[in-house]
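> As numbered in our numbering, residues -9 to 419 make up the sequence shown, in order.
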Amino acid sequence: MPLVVMCGYPCSGKSKRAHELKNHLENSRGKTVHLAGDECISLERNVVYAASSNEKEARGLLKSAVERLISRDDIIILDSLNYIKGYRYELYCVAKAHKTTHCIVHCDTPKETCREWNRTRETRYNDEILDALVMRFEPPESRNRWDSPLFVIQVDDDLPLDNIYDALINRIPPPPNQATQAQPLSATNFLYELDKTTQEIVAVLLNCQRTFVPGDHVAVPGTSEKISFYIKLILTVKAPFFFRSQKSPEGRVIVKQVSNKLKTICPSQKKNIGQVLSIVSSVDLTLRFTHSKISSLEKAAKRLNKVNTVLLNRLGKMDRKLDALTKMIRKVTKEDKPKSVTVCESKKATITCKKGKKIEIVQANYGRLNKRTCRKSPVTNCRAAKSLALVQSTCHKKARCVLRASNNVFGDPCKGVAKYLLVKYKCGQ
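1. When you compare only the Cα positions, how much space is there between A395 and K345?
2. Taking one C-beta from the segment 367 to 382 and one from the segment 328 to 337 each time, how about it: are there three or more such pairs within less than 8 Å?
3. Pull up the distance between the alpha-carbon of P328 and that of A354, whole angstroms please.
4. Indicate the three-state DSSP secondary structure (helix, strand or coil) for F231 in the structure shown.
5. Among all the DSSP beta bridges, which residues are the ones paired with I217?
6. Could you tell me the distance, in whole angstroms, from the CA atom of W107 to the CA atom of P164?
7. Nearest CA to the CA of N420: which residue from K101, E29 and G76?
8. Quick check on the burial criterion: 16 or more other C-beta atoms within 10 angstroms. Buried or exposed for V441?
9. With a threshold of 16 other CB atoms inside 10 Å of the CB of G440, please say whether the residue is buried or exposed.
10. Return the Cβ separation of P0 and T90 in integer angstroms, given the expectation that the two are a contact with Cβ distance under 8 Å.
11. According to DSSP, is D402 helix, strand or coil?
12. What does a CB cutoff of less than 6 Å around L412 pick up in its chain, not counting 5 residues either side in sequence?
13. How close, in whole Å, do the beta carbons of I349 and Y415 come, if the pair is a contact with beta carbons under 8 Å?
14. Check the DSSP bridge columns for T103 and list the partner residues they point to.
15. What are the residues that DSSP puts in a beta bridge with D69?
16. Let me know if L359 comes out buried or exposed under the rule of 16 or more other beta-carbons within 10 Å of its beta-carbon.
17. Once DSSP output is grouped into helix, strand and coil, what is the label at C1?
18. S70 and L52 - do their beta-carbons sit closer together than 7 Å?
19. Report all residues from its chain with a CB closer than 7 Å to the CB of V37; omit the five preceding and five following residues, and keep chain order.
20. Under 8 Å: do the segment 20 to 32 and the segment 145 to 153 share three or more Cβ pairs, one atom per stretch?
21. Roughly how many angstroms lie between the CA atoms of G20 and T110, to the nearest whole one?
22. Going by DSSP, what residue range makes up the alpha helix (DSSP H) through Q382?
23. Consult DSSP for N303 and reduce its assignment to one of helix, strand or coil.
24. Could you pull out every residue in the same chain whose Cβ sits closer than 8 Å to the Cβ of A184, ignoring the five residues on either side in sequence?
25. Let me check understanding here. Comparing Cα to Cα, which of I65, V192, R161 and R58 lies closest to K12?
26. Below 8 Å CB to CB, which residues in the same chain sit around Y115 once its five sequence neighbours on both sides are set aside?
27. How about S132 and L120: do their beta carbons lie closer than 7 Å?
28. Given that a residue counts as buried once 16 or more other Cβ atoms are within 10 Å of its Cβ, and exposed if not, what is D147?
29. When you compare each of K6, K289 and D313 to H96 by their alpha carbons, which one comes out closest?
30. Whole angstroms are fine: how far does the CA of C104 sit from the CA of D98?
31. Give me the residue from C93, L68, R78 and P129 with the minimum Cα distance to P100.
32. Contact check, I60 vs R78 under 8 Å by CB: the rounded distance?
33. Taking 7 Å as the threshold (C-beta atoms), are I67 and A157 in contact?
34. In angstroms with no decimal places, state the Cα-to-Cα distance between G401 and Q419.
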């Protein structure tokens, strides 16, 4: 169905032109014409065009209507704003996919005229929405393939009805994209080729049957595969050997029947029947031996799986114990690391240990060992001689102790220098 896409400003006379074209195609040309537009989907203009989401949904409904009606026989006219060039491209792709023609009819009415016609209508656009639609309008251009052929109609112009008809009916539609076309599942002569190949295979098998010897390979036409006929012989002989091994009369009777059968199947091998039966017997014994070995290997594999499961469980337990031991070592190491406290001159500080622990003084010095601690000073080697002994006598083996950094306690090892007390201790048993 050729597609006619009407476009233009709101209230530019698109519906009037669409009905005029529809009447001409039906009455003068005898064509079946379908008209799709805003009225077909009961579109409320001021609601739809007020929000982009509503407008997008409306465009989807119009496109669905076109896809539902389009065919190669009838004509469809889409009467709507169609002001977005991307949407016109989608409609062009729809026509192209259906292998039919299309054209654009642009009602090029001035903005002022559209505003005047809008005021005279019962169902009219709001002024804000009308101005927004006029501002967003993307006029079609004939150089774009989706806007070609393009017919621009002014207010006082007559529709070029014959030219539009030629563009829709007498023009060759563009071919659809190859990537969007469904490829046939098989060639048109598929049945003929299948029948030919089947007859060739059957003919080869019938010819081989005349000179067939058990174990011979037959090449299948058209392939590199070869087939052989072992199954019928082995299945026929396997049961008689079981009876013969039991030395029963029934076994001897069945062996005789099998021998006669083999003579019928293989007339060229009458003298080698005994050899064939012995070979089949040895193959049967070999298969049984192999089966027993496979069963033994399966049992050994099951035992190995059990051992592997046990080992994995034990390794998991060892990993958990190792993690616990590592945490314990880290905890003990952290506890054994000496703590440090610094008390500036004329200040005091308290050190404590947890319940059950006692203070062990590791190092103590009253004086100055660096330039920055407790005010800057150039002196870095100031030590009170009895710092460690005095701190140990005050705090050693106690749970709580108060440290005082004072010349009255330690003496003044370097007069005129800002001093501090540095104590390192641990909490032990």
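For glycine and all other residues, C-beta sits at the position ideal for the given N, C-alpha and C.
Reading it off the structure:
1. The alpha-carbon atoms of A395 and K345 are separated by roughly 26 Å.
2. Too few Cβ pairs lie closer than 8 Å, so no.
3. Between the C-alpha atoms of P328 and A354 there is a straight-line separation of about 12 Å.
4. Any reading at F231 must be qualified, since the residue scores a pLDDT of 43, below 50, and its modelled position is unreliable; the value itself is stated next. In the three-state reduction of the DSSP assignment, F231 falls in the helix class, which pools H, G and I.
5. In the DSSP assignment, I217 forms a beta bridge with V208.
6. Cα to Cα, the separation comes out at about 38 Å.
7. The structure shown does not extend to residue 420, since the chain is modelled only from -9 to 419, so the question has no answer here.
8. Residue numbering for the chain in the displayed model covers -9 to 419; residue 441 lies beyond these limits and cannot be assessed.
9. No answer is possible for residue 440: the residues shown for the chain start at -9 and end at 419.
10. Contact doesn't hold; Cβ gap of about 28 Å is too wide.
11. Of the three classes helix, strand and coil, the one that applies to D402 here is coil, per DSSP.
12. For L412, where only same-chain residues beyond five positions count, the Cβ hits under 6 Å are T332 and N355.
13. Going by Cβ atoms, the distance from I349 to Y415 rounds to 5 Å, so yes, they are a contact pair.
14. Bridge partners of T103: none, in fact.
15. Partner(s): M(-4) and G27.
16. Label assigned to L359: exposed.
17. Of the three classes helix, strand and coil, the one that applies to C1 here is coil, per DSSP.
18. Going by C-beta atoms, L52 is nearer than 7 Å to S70.
19. Within the same chain, and ignoring the five residues on either side of V37 in sequence, the residues whose Cβ sits closer than 7 Å to its Cβ are N44.
20. Counting Cβ pairs under 8 Å, fewer than three are found: no touch.
21. So the alpha carbons of these two residues sit roughly 35 Å apart.
22. Taken as a continuous stretch (DSSP letters only), the alpha helix (DSSP H) holding Q382 covers S377 to C385.
23. Helix at N303.
24. Just to set this straight, residue 184 is Leu in the shown sequence, not Ala. Excluding the 5 residues flanking it on each side, L184 has no same chain C-beta neighbour closer than 8 Å.
25. Comparing alpha-carbon positions, the option among I65, V192, R161 and R58 lying closest to K12 turns out to be I65.
26. P0, C1, R35, N36, Y39, N108 and L123, listed in sequence order.
27. Going by C-beta atoms, S132 is not nearer than 7 Å to L120.
28. Result: exposed.
29. Nearest option by C-alpha distance: K6.
30. Pairing D98 with C104, the inter-Cα distance amounts to about 10 Å.
31. Out of C93, L68, R78 and P129, P129 has the C-alpha closest to the C-alpha of P100.
32. Actually they do not touch by this definition, with Cβ atoms about 15 Å apart.
33. Between A157 and I67, the C-beta spacing is not below 7 Å.
34. Each residue's alpha carbon lies about 32 Å from the other.
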